[in-house]
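**Q** Note that the sequence shown covers residues 10 to 92 in our numbering. Backbone N, C-alpha and C fix where the C-beta goes; we use that ideal spot for every residue, glycine too. Structure provided below as structure tokens; questions to follow.
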Amino acid sequence: MSDKEAFALTEGERYSRTTEKDKRSRGVFKGYAMIGSEPALVLQLTGGITRFIPIVRIVHIDTVGPGAHKRAEDKRPESGYYG
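Dropping the structure here:
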């Protein structure tokens, strides 16, 4: 991997995130959204729950693996917004 290569979350890929109080969520990344004036990640959790997570609350994000129907390199998001 090149030093100049950019890293980004990939729509459809599975991630696990942890907040400052060690709360964790696992799901498929759907995109970004705004909650008021704060940016947030949008994850589709097991059971169909859509979770909006303010970016300022995230301590770290782990890549769990590609989504069930797409590999990470198959699709890159066209824009930085959910929906």
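Pick helix, strand or coil for I70, following the three-state DSSP scheme.
**A** Looking at I70 - three-state DSSP - the assignment turns out to be strand.
**Q** Measure the Cβ-Cβ separation of S25 and R35 and say whether it is below 7 Å.
**A** In contact: S25 and R35 (Cβ atoms closer than 7 Å).
**Q** Does DSSP classify I62 as helix, strand or coil?
**A** Correct three-state label for I62: strand.
**Q** For I44, I'd like the list of residues in its chain whose CB is within less than 7 Å of its CB, leaving aside the five on either flank, ordered along the chain.
**A** Here the set comprises F61 and P63.
**Q** Quick one: what's E47 bridged to in DSSP?
**A** According to DSSP, E47 bridges with I44.
**Q** Anyone know if the C-beta pair for P75 and E22 falls short of 7 Å?
**A** It is a contact, given that the beta carbons lie within the stated cut-off.
**Q** Could you tell me the boundaries of the beta strand (DSSP E) in which T27 lies?
**A** Residues R23 to T28.
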